[in-house]
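Undergrad:
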Amino acid sequence: MFTRVAAVAAAVTLGVGTAPAQAATGPGTMATPRLTINESAGQCRLTVITSVGMSQAQAQYQIDNGASARIEVWADDLVYDNRLFKALPAAMTASRYDGGLIITGQPSVPCYRLDEDGPENFDTEGDEIYVKVVFDGPGYQRMSKSSNVVKGRW
């Protein structure tokens, strides 16, 4: 048990990824995407990772035969959520360790683009941002899943 905890802690510290959380993804389903936002000098880097449960061979087939994944950035509001923008297509890799199609993206945008409420609003709560990851692949119905919500002031 200690070795597994130490390995997970090391992976998180080194930024290796979230393999243990992704490994539990059932066949044909998408894991809940994980979003983090890091700000530096007015630029915000959104880091997104998720996976779709399948074997390594199936994942490689998807990559080789036109599968696509994209990340949409959304603002979480009380009345209705609004899409802020579509990011570039996400990267896809076949996991060598436990199977699965790993979907990642790291779009970087000026932080003001994440200001969902605009400067004219009182903005007492700050901004709430999440992403939707959309996957299309041969033999699969389009799937989409929302990430965790990240709060901040942009």
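Residue numbering for the sequence shown is -23 to -1, 1 to 131, as defined by mature numbering (1 follows the signal peptide of the UniProt record, and there is no 0).
In this text, a Cβ means the ideal position worked out from N, Cα and C, and glycines have one as well.
#1: Please check the pair residue 197 and residue 124, which I expect to be a contact at CB under 8 Å, by giving their CB distance rounded to whole angstroms.
#2: So, residue 72 versus residue 22, is the Cβ gap smaller than 8 Å?
#3: Residue 104 lies in the alpha helix (DSSP H); which residues open and close that run?
#4: In terms of residues, what are the limits of the alpha helix (DSSP H) holding residue 67?
#5: Would the segment 33 to 40 count as touching the segment 50 to 62 if we require 3 or more Cβ pairs under 8 Å?
#6: Distance check for residue 82 and residue 131, CA to CA, integer angstroms please.
#7: State the DSSP-derived secondary structure class of residue 119, mapped to helix, strand or coil.
#8: Label residue 17 either buried or exposed according to how many other C-beta atoms from any shown protein chain fall within 10 Å of its C-beta, with 16 as the threshold for buried.
#9: Assuming residue 34 is part of the alpha helix (DSSP H), what are its boundary residues?
#10: Taking residue 4 as the reference, give the member of 26, 34, 24 with the closest Cα.
#11: Rounded to a whole number of angstroms, what is the C-alpha to C-alpha distance between residue 6 and residue 62?
#12: Got a sec, what are the start and stop residues for the beta strand (DSSP E) residue 21 sits in?
#13: Classify residue 68: buried if its beta carbon has 16 or more other beta carbons within 10 angstroms, exposed otherwise.
#14: Which residues does DSSP list as the beta-bridge partners of residue 8?
TA: Here's the rundown:
#1: This structure cannot settle anything about residue 197, because the visible part of the chain is limited to -23 through 131.
#2: No, the Cβ-Cβ distance between residue 72 and residue 22 is not below 8 Å.
#3: Per DSSP, residue 104 lies in no alpha helix (DSSP H); the unbroken beta strand (DSSP E) holding it starts and ends at 104 to 113.
#4: It is not in any alpha helix (DSSP H) - residue 67 carries neither H nor E in the DSSP assignment.
#5: no
#6: One C-alpha to the other measures close to 20 Å.
#7: coil
#8: Residue 17 comes out exposed.
#9: For residue 34, the enclosing alpha helix (DSSP H) starts and ends at 33 to 41.
#10: 34
#11: 25 Å
#12: Segment 20 to 29, the beta strand (DSSP E) holding residue 21.
#13: exposed
#14: DSSP, once it has assigned bridges, lists no residue as partnering residue 8.
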